[in-house]
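Visitor:
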RNA sequence: GCCCCCAUCGUCUAGUGGCCUAGGACACCACCCUUUCAAGGUGGCGGCACGGGUUCGAAUCCCGUUGGGGGUGCCA
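In this note's numbering, the protein residues as written are 225 to 693.
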């Protein structure tokens with residue numbers, strides 16, 4: 225496919241970082257809207273190659289976000305490790321062009337010498353020693369005098385004085401290429417036109433840009449987007465923070481909500497609402513509009529987005545999305561007891577009560593268990609007074625004799641019984657609710673009773689009346 | 001140390017010299033609605049880091065200070 229080529233280059237670590245997810249999404253939106261290509265290049269290491277599940281994890285996570293390998297705009301995955309010989313070849317060309325030289329100083333040598341001279345870092349001491357390649361010698365880039373200007377789509381022009389950049393290492397003493405070199409060589413070879421990545425890479429960009437030039441190519445369009453931070457304004461880290469996308473997926477966050485939240489962290493869609501569909505965001509997203517400052521990854525706001533997106537689902541789609549949670553191993557009923565039609569009927573009552581899909585089972589499980597597990601505190605509160613107990617007993621009798629088993633008539637009946645004891649509906653329904661569902665809170669009671677059915681409701685009420693004695 | 005980036009309510013942001021007595025969203029609080037809990041509705045709390053300029057006029061432009069973050073490895 226012609227058009228711009230955006231590359232996304234994650235390194236496999238066993239989980240997919242939410243910050244990486246946002247960068248992927250922004251690249252994806254751009255590549256698609258501009259009729260270009262999203263190039264996935266896995267920056268694998270030895271460890272990653274021994275753990276293929278790390279790579280499939282990345283692909284799965286991208287797919288969950290809607291970044292599909294089957295899409296015509298998707299290209300890859302490539303693996304950096306496959307191109308190691310190209311990296312070394314490129315380094316050779318740099319030597320021939322005089323843009324790189326060999327250096328035999330070890331880190332200890334450098335420290336000693338800089339200490340002696342009272343300077344900082346490597347001073348380019350081997351620049352003109354004319355050393356050839358040999359084991360233990362590193363290849364360094366000969367940083368030219370002058371300044372390097374990085375043209376960045378989100379930050380504008382960033383100028384670096386080359387004298388502040390030391391002659392960095394291209395090839396290690398054992399001949400293996402450094403990340404910086406490998407990265408550029410791959411980008412050149414894959415004809416990458418746009419590099420959109422996290423801000424932490426900005427200080428290394430002049431180095432990469434110099435390699436691009438030394439290799440005889442125009443550098444790509446750079447774009448350094450702000451990092452995601454935690455409440456202490458530090459870069460999100462796996463140790464302290466919840467950063468694995470997979471974890472959110474497994475906890476019942478909707479992909480659409482995750483995508484919406486991530487897209488709008490550091491960028492705002494045109495319209496008057498930040499709750500926004502993918503197509504809209506894809507057509508609105510501009511690097512130029514991305515914020516310059518780090519953004520706090522706010523779990524509460526994510527939760528709010530998720531609730532909104534759950535409510536936006538059609539009842540059918542909601543049921544479908546909930547199924548994995550409603551049939552999970554830890555659910556208190558056998559999975560085959562789940563009544564999908566019943567869930568569908570209850571869906572409008574369940575949706576506004578879910579922050580995540582994982583909340584659904586607790587709102588519905590009383591339908592599918594033989595006997596609900598009664599929360600003792602809730603029971604005690606709901607049967608605390610003589611009036612409340614009387615309501616439970618009388619409504620059990622009345623429900624046994626009711627002609628029409630509908631939410632409306634059940635409500636009507638209970639309302640009257642409650643009034644005769646000076647209780648409003650809110651109080652009067654409490655004991656019935658706990659008796660039938662086991663909990664003090666849940667979906668609307670009378671609708672639930674209607675769907676539960678006369679027989680099962682009455683059985684639970686009789687059991688509760690017995691427990692009163 | 002040196003280099004780079006950043007700075008609007010607690011948080012995410014709108015804002016590109018007059019429309020700003022700074023708008024929205026999340027969170028929080030109150031009230032309304034109500035069949036518990038939610039959802040929904042209405043309202044409230046709350047911010048341009050500081051100091052100098054430029055200008056008739058600055059959240060917006062410039063300089064400095066302070067604060068925060070990142071980079072600076074034979075890590076990726």
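Quick reminder that beta carbons are idealized off the backbone N, C-alpha and C, glycines included.
1. For residue 462, which residues does DSSP report across the bridge?
2. On the CB-based measure, 16 or more other CB atoms within 10 Å of its CB, does residue 344 come out buried or exposed?
3. Pair every Cβ in the region 333-341 with every Cβ in the region 424-439, then say whether three or more of these pairs are closer than 8 angstroms.
4. Grouping DSSP H, G and I as helix and E and B as strand, with all else coil, what is residue 420?
5. Would you tell me roughly how many angstroms separate the C-alpha atoms of residue 360 and residue 474, rounded to the nearest one?
6. Identify, in the order they occur along the chain, each residue of the same chain with its Cβ nearer than 6 angstroms to the Cβ of residue 298, setting aside the five sequence neighbours on each side.
7. Is residue 385 helix, strand or coil when you go by DSSP?
8. Report the three-state DSSP secondary structure of residue 351 (helix, strand or coil).
9. Using only the alpha-carbon positions, how far apart do residue 420 and residue 283 sit?
10. Measuring CB to CB, does residue 319 end up less than 7 angstroms from residue 364?
11. Considering only the beta carbon of each residue, do residue 588 and residue 577 sit closer than 7 angstroms?
12. Given that a residue counts as buried once 16 or more other Cβ atoms are within 10 Å of its Cβ, and exposed if not, what is residue 274?
13. Can you grab the Cα-Cα spacing for the pair residue 456 / residue 520, in whole Å?
14. DSSP on residue 518, reduced to helix/strand/coil?
15. DSSP state of residue 427, grouped into three classes?
16. Quick one: grab the DSSP three-state call for residue 679.
17. Could you check if residue 655 is buried or exposed, using at least 16 other CB atoms within 10 Å of its CB as the buried criterion?
18. Across the region 504-524 and the region 249-263, are there enough close Cβ pairs to call them in contact, namely three or more that are closer than 8 angstroms?
19. Around the C-beta of residue 690, are 16 or more other C-beta atoms found within 10 angstroms, so that it is buried, or is it exposed?
20. Between residue 311 and residue 268, what straight-line distance do the alpha-carbon atoms span, to the nearest angstrom?
21. Would you decide whether residue 644 is buried or exposed? Buried here means 16 or more other CB atoms lie within 10 Å of its CB.
22. Do the CB positions of residue 367 and residue 389 come within less than 7 angstroms of each other?
23. Under three-state DSSP, which class holds residue 299?
24. With distances taken Cα to Cα, identify the nearest neighbour of residue 518 among 451, 324 and 478.
25. Identify whether residue 550 lies in helix, strand or coil by the three-state DSSP scheme.
26. Does the Cβ of residue 328 have 16 or more other Cβ atoms within 10 Å, making it buried, or fewer, making it exposed?
27. With distance defined between alpha-carbon atoms, name the residue in 543, 559 and 613 nearest to residue 567.
28. To the nearest angstrom, how far is it from the Cα of residue 260 to the Cα of residue 508?
29. Taking just the CA atoms, how far does residue 496 sit from residue 607?
30. Go through its chain and collect everything with a Cβ distance to residue 265's Cβ below 8 angstroms, but skip five positions before and after it.
31. Tell me whether residue 448 is buried or exposed, calling it buried when 16 or more other Cβ atoms sit within 10 Å of its Cβ.
32. Do the CB positions of residue 674 and residue 630 come within less than 7 angstroms of each other?
33. CA-CA distance, residue 430 and residue 487?
34. Figure out for me which residue from 422, 485 and 444 has the closest Cα to the Cα of residue 530.
35. Check this for me: beta carbons of residue 446 and residue 376, under 7 angstroms apart or not?
36. Count the CB pairs spanning the region 623-643 and the region 590-604 that are closer than 8 angstroms, and state whether there are at least three.
Guide: On the basis of the supplied data:
1. Here the question's residue 462 lines up with position 238 in the first chain. Answer is none; residue 462 lacks a bridge partner.
2. Locating residue 344 in the first chain gives position 120, where the first residue counts as 1. When all chains shown are included, residue 344 counts as exposed.
3. Taking 8 angstroms as the limit for Cβ pairs, the verdict is that the region 424-439 does not touch the region 333-341.
4. As a working mapping, residue 420 is identified with position 196 in the first chain. Strand.
5. Within the first chain, numbered from 1, the residue matching residue 360 stands at position 136. Within the first chain, numbered from 1, the residue matching residue 474 stands at position 250. Cα to Cα, residue 360 sits roughly 48 angstroms from residue 474.
6. Taking the first chain and counting its residues from 1, one reaches residue 298 at position 74. Listed in chain order, the non-local C-beta contacts of residue 298 below 6 angstroms within the same chain comprise 262, local neighbours out to five positions each way being set aside.
7. Position 161 of the first chain, counted from the start, is the residue given in the question as residue 385. Reduced to three states, the DSSP call for residue 385 is strand.
8. Sequence index remark: in the first chain, residue 351 carries index 127 (1-based). Under the three-state reduction of DSSP output, residue 351 falls in the coil class, being neither helix nor strand.
9. The residue you call residue 420 lines up with position 196 of the first chain. The residue you call residue 283 lines up with position 59 of the first chain. The alpha-carbon atoms of residue 420 and residue 283 are separated by roughly 19 angstroms.
10. Position 95 of the first chain, counted from the start, is the residue given in the question as residue 319. Position 140 of the first chain, counted from the start, is the residue given in the question as residue 364. Judged by their CB atoms, residue 319 and residue 364 are not nearer to each other than the 7 angstroms cut-off.
11. To locate residue 588, count along the first chain from 1; it is residue 364. To locate residue 577, count along the first chain from 1; it is residue 353. Not closer than 7 angstroms, so no.
12. One-based indexing of the first chain puts residue 274 at position 50. Exposed, by the Cβ-count rule.
13. For the purposes of this step, residue 456 is identified with residue 232 of the first chain, where counting begins at 1. For the purposes of this step, residue 520 is identified with residue 296 of the first chain, where counting begins at 1. Residue 456 and residue 520 have their C-alpha atoms some 9 angstroms from each other.
14. Taking the first residue of the first chain as 1, we reach residue 518 at position 294. DSSP, reduced to helix, strand and coil, places residue 518 outside both helices and strands of the structure shown, so it counts as coil.
15. Taking the first residue of the first chain as 1, we reach residue 427 at position 203. Residue state, collapsed to three classes: helix.
16. If you number the first chain from 1, residue 679 lands on position 455. Looking at residue 679 - three-state DSSP - the assignment turns out to be helix.
17. Translated into the one-based positions of the first chain, residue 655 becomes position 431. With 16 or more other Cβ atoms within 10 Å, it is buried.
18. With the cut-off at 8 angstroms, the region 504-524 and the region 249-263 touch.
19. Translated into positions along the first chain, residue 690 becomes position 466. Around the beta carbon of residue 690, fewer than 16 other beta carbons lie within 10 angstroms, which makes this residue exposed.
20. Walking along the first chain from the start, residue 311 turns up at place 87. Walking along the first chain from the start, residue 268 turns up at place 44. Rounded to the nearest angstrom, the gap between the Cα atoms of residue 311 and residue 268 is 14 angstroms.
21. Residue mapping note: residue 644 aligns to position 420 of the first chain, counting from 1. Burial is judged here by how many other beta carbons sit within 10 angstroms of a residue's own beta carbon; residue 644 has fewer than 16 and is exposed.
22. Position 143 of the first chain, counting from 1, holds the residue named residue 367. Position 165 of the first chain, counting from 1, holds the residue named residue 389. Judged by their CB atoms, residue 367 and residue 389 are nearer to each other than the 7 angstroms cut-off.
23. Translated into the one-based positions of the first chain, residue 299 becomes position 75. In the structure shown, residue 299 sits in a strand (DSSP, three-state: E or B).
24. What you label residue 518 is simply residue 294 of the first chain in a count that begins at 1. Ranked by Cα distance from residue 518, the first of 451, 324 and 478 is 451.
25. The residue given as residue 550 occupies position 326 in the first chain. Reduced to three states, the DSSP call for residue 550 is helix.
26. Numbered from its first residue, the first chain carries residue 328 at position 104. By the 10 Å Cβ count, residue 328 comes out exposed.
27. In the first chain, counting from the first residue as 1, residue 567 sits at position 343. Out of 543, 559 and 613, 543 has the C-alpha closest to the C-alpha of residue 567.
28. The sequence position of residue 260 within the first chain is 36, counting from 1. The sequence position of residue 508 within the first chain is 284, counting from 1. Using only the alpha carbons, I get a separation of about 16 angstroms.
29. Within the first chain, the letter at position 383 stands for residue 607. Within the first chain, the letter at position 272 stands for residue 496. Cα to Cα, residue 607 sits roughly 49 angstroms from residue 496.
30. Along the first chain, one-based indexing puts residue 265 at 41. Excluding residues within five positions, the ones whose Cβ falls inside 8 angstroms are 231, 232, 233, 300, 301, 302, 303, 304, 410 and 414.
31. The sequence position of residue 448 within the first chain is 224, counting from 1. Residue 448 is classed as buried because its beta carbon has at least 16 other beta carbons within 10 Å across all chains shown.
32. Position 450 of the first chain, counting from 1, holds the residue named residue 674. Position 406 of the first chain, counting from 1, holds the residue named residue 630. Cβ distance < 7 angstroms, so residue 674 and residue 630 count as in contact.
33. Locating residue 430 in the first chain gives position 206, where the first residue counts as 1. Locating residue 487 in the first chain gives position 263, where the first residue counts as 1. Cα to Cα, residue 430 sits roughly 28 angstroms from residue 487.
34. Here residue 530 is taken as the residue at index 306 of the first chain, counted from 1. Checking every option, the nearest Cα to that of residue 530 belongs to 485.
35. As a working mapping, residue 446 is identified with position 222 in the first chain. As a working mapping, residue 376 is identified with position 152 in the first chain. A contact, by the Cβ cut-off of 7 angstroms.
36. Under the 8 angstroms Cβ criterion, the region 623-643 does not count as touching the region 590-604, having fewer than three qualifying pairs.
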